[in-house]
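Protein chains: 2
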Amino acid sequence: MTAGTIADAAPTVEPGRSVTAKVLAMLAAFTAEEPELTLSQLARRARLSLPTAHRRAAELVEWGALERDARGRYRIGLRLWEVASLAPRGVGLRDAAMPFLEDLYEVTHENVQLAVREGAEIVYVERIAGLHAVPVWTRVGGRFAMHATGVGLVLLAHAPASVQQEVLGLPLRRFTDRTVTDPKALRRILADIRRLGYAVSDGQVTLDALSVAAPIFDPDGEVVAAVSLVVRADGAQPAALAPLVQTAARGITRASRVTAAGRPVMRSPPRPVPAQRPGSAR
Amino acid sequence: MTAGTIADAAPTVEPGRSVTAKVLAMLAAFTAEEPELTLSQLARRARLSLPTAHRRAAELVEWGALERDARGRYRIGLRLWEVASLAPRGVGLRDAAMPFLEDLYEVTHENVQLAVREGAEIVYVERIAGLHAVPVWTRVGGRFAMHATGVGLVLLAHAPASVQQEVLGLPLRRFTDRTVTDPKALRRILADIRRLGYAVSDGQVTLDALSVAAPIFDPDGEVVAAVSLVVRADGAQPAALAPLVQTAARGITRASRVTAAGRPVMRSPPRPVPAQRPGSAR
DNA sequence: GCAGCGTTTTCACTGGATGGAAGGGTTCTC
DNA sequence: GAGAACCCTTCCATCCAGTGAAAACGCTGC
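Taken in sequence, the protein lines are chains A and B. If you use our numbering, the first sequence corresponds to residues 27 to 308, in order. If you use our numbering, the second sequence corresponds to residues 27 to 308, in order.
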């Protein structure tokens, strides 16, 4: 198959990729920076030929996984968002946590964040950002490194050994001159976090921000998520904030225990329509 | 599995369905009531043979669109949730609206809801439910009929004529004896909503709840979403609440105008890792 | 009018996707 | 603790859905 040299001039398409993989690659082509793409962009990013991208995109649009705007550009569709809302680690967790996050926000008017671990990074599941609170770089659905933030440190401290090795093995990115990048020092910090039950990240992402985070457990006692409060660094008293955050974390642990065990999260709403999708009609 | 009757006998598989459609059918198999499924359930609901479901599911798990829990059951994965977070009508809208929803909640401590139209139904994009507020049946990512709720009425009032005809053409479900089910009457109500700039649904879904909703516009002046405040029906003064909701709606309109036009929603976060997914490695 | 894009359709070919069957595992029931 | 009832996984020959090149089409700006 390989004509001529290695990886010769854009061999159009690598064969052997399944249709499923191609479709998923198309979805992965969208980013927060460019949430709308033309067909050509989509094809290039997913490494597909134009006709193929065109056909798959048409199917995705028909189902609702993608939408087209007035200019014909593609974007992620609401239907996909609906389905994704069923992700237990996403919205499920979020719903259980929300009242507690609200409380935390209302009491402090600072940034409140909820995150889970995905591989060797964290993903923000929810955040409440006060307009007057210290600015943070997070976005719901966004990823971040584990070694610098409060939630990241909590999740790293309770991650499987293999994940810890992976993170500590690679060079740790320095965001500010307070970022801990020495694996030895970081291991000590992680031990402290396990011992104390909360983490503090002081100026490790931006110098003006300090975050205090605490772990959320699942019914088996595994750490599945973390909450944090991000405040202005000067004058902040981590030890005073910790109980607040820990209490919220305990509350969320308790709440998600219920939702996870007892099936019905709420009375099932009256189905307005037999939920028959146009596509599934006979 | 009712053996014997019609429909059973599982005619194995209807051919001609594309791989993409099958994969999407698998995603659509998950519901809020059953967010975790065994492979067999998945195969049945998506009308696929077991081996096929098994193979597709394996690919979806590898990519992160699905996850498997300890018992081997499948559920929607966080990676899909991440991608879906890029849906402009989902999280994009939500992020722009959140501060205003927060304000609305903090002032009233009642239920705050944000919804968009999808076909002939509404989809809730965000909701803030006070623990002490009147109970409501909504769920983020959940659907509902348009003709009874505040947000539904606003979105229906500003929907294309074809959608209005579709909704008004079918029998309108009665949730309570205050639900308006007469097309004529509903048309008059929709006209009032367009004239006044807000909608009131008084006891039309549950007798104890009243909601006041207002429209959110896109830069072209189209109504793309609606906000509502749901309060206890007895003693509520819709006319007094309307300005509050309308102000929030105006604020969201203004905020989403900015995010839609000016590309950068926020300073792009420092990319912790080149965002290289395991699957895309060389 | 022309050039430069991006989109859509057509067509013959081919290899990934397919389901039946069979093997192996786990969790209930009696 | 034997049996039943599911559920999951792998194998293999068949075949049709998916494929890219090429060309037609549509739009926008100059």
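We treat Cβ as the ideally placed atom computed from N, Cα and C, and that holds for glycine.
Boundaries (first-last residue) of the alpha helix (DSSP H) holding residue i
i, result
"Y131/A", "L119 to T134"
"L53/A", "V45 to A54"
"V142/A", "Premise fails: V142/A lies in the beta strand (DSSP E), N137 to E144, not in any alpha helix (DSSP H)."
"P241/A", "Where P241/A is concerned, there is no enclosing alpha helix (DSSP H), although the beta strand (DSSP E) it sits in stretches over A235 to F243."
"R220/B", "P209 to L222"
"V231/B", "Looking at the DSSP string, V231/B is not in any alpha helix (DSSP H), and its letter there is neither H nor E."
"R82/A", "L76 to W89"
Proximity test, Cβ basis, 9 angstroms: residue i and chain A
i, result
"A252/B", "no"
"S44/B", "yes"
"G168/B", "yes"
"I102/B", "yes"
"E136/B", "no"
"L50/B", "yes"
"R70/B", "no"
"I154/B", "yes"
"A287/B", "Bear in mind that a pLDDT of 36 at A287/B, under 50, signals an unreliable position, so the number given afterwards is only what the model happens to contain. Output row for A287/B: interface = no."
"D121/B", "yes"
"G116/B", "yes"
"P186/B", "no"
"A54/B", "yes"
"P241/B", "no"
"R105/B", "yes"
"P264/B", "no"
Contact with chain B by residue i, beta-carbon distance below 9 angstroms
i, result
"D208/A", "no"
"Y131/A", "yes"
"T57/A", "yes"
"R94/A", "no"
"S111/A", "yes"
"L76/A", "no"
"R258/A", "no"
"G223/A", "no"
"G90/A", "yes"
"E128/A", "yes"
"R204/A", "no"
"R165/A", "yes"
"A274/A", "no"
"V271/A", "no"
Segment limits, beta strand (DSSP E) that includes residue i
i, result
"E93/B", "L92 to R94"
"S254/B", "V249 to R258"
"R169/B", "R169 to A171"
The ligand SAM heavy atom lying under 8 angstroms from the CB of residue i
i, result
"P161/A", "As far as ligands go, the structure on display features none, and thus does not contain the ligand SAM."
DSSP beta-bridge partners of residue i
i, result
"Y150/B", "A141/B"
"E62/B", "R101/B"
"S227/B", "S237/B"
CA-to-CA distance, residue j to residue i, given in whole angstroms
i, j, result
"A58/A", "L119/B", "13 angstroms"
"E139/A", "R153/A", "Note that residue 139/A is Gln in the sequence shown, not Glu. Roughly 4 angstroms separates the two Cα atoms."
"A328/A", "L76/A", "Because chain A is modelled from 27 through 308, residue 328/A falls outside the range shown and cannot be assessed."
"R70/A", "V87/A", "18 angstroms"
"E132/A", "G98/B", "40 angstroms"
"P245/B", "A239/B", "20 angstroms"
"V231/B", "A155/B", "17 angstroms"
"G116/A", "H80/B", "24 angstroms"
"L198/A", "Q263/A", "27 angstroms"
"L270/B", "G261/B", "17 angstroms"
"G178/A", "V226/B", "44 angstroms"
"T134/A", "R258/A", "12 angstroms"
"R105/A", "S237/A", "35 angstroms"
"V162/A", "L267/B", "33 angstroms"
"V151/A", "A91/A", "21 angstroms"
"S66/A", "V109/B", "19 angstroms"
"A51/A", "R214/B", "48 angstroms"
"G223/B", "T175/A", "44 angstroms"
"A287/B", "A211/A", "Interpretation of A287/B is limited by its pLDDT of 36, a score under 50 that renders its predicted location unreliable; no figure is taken from the coordinates."
"W107/B", "L182/B", "28 angstroms"
"L74/A", "V49/B", "18 angstroms"
- request: Any chance you could list the alpha helix (DSSP H) runs of at least 4 consecutive residues sitting entirely within the stretch 173-211 of chain A, in chain order?
  value: 176-183 and 187-195
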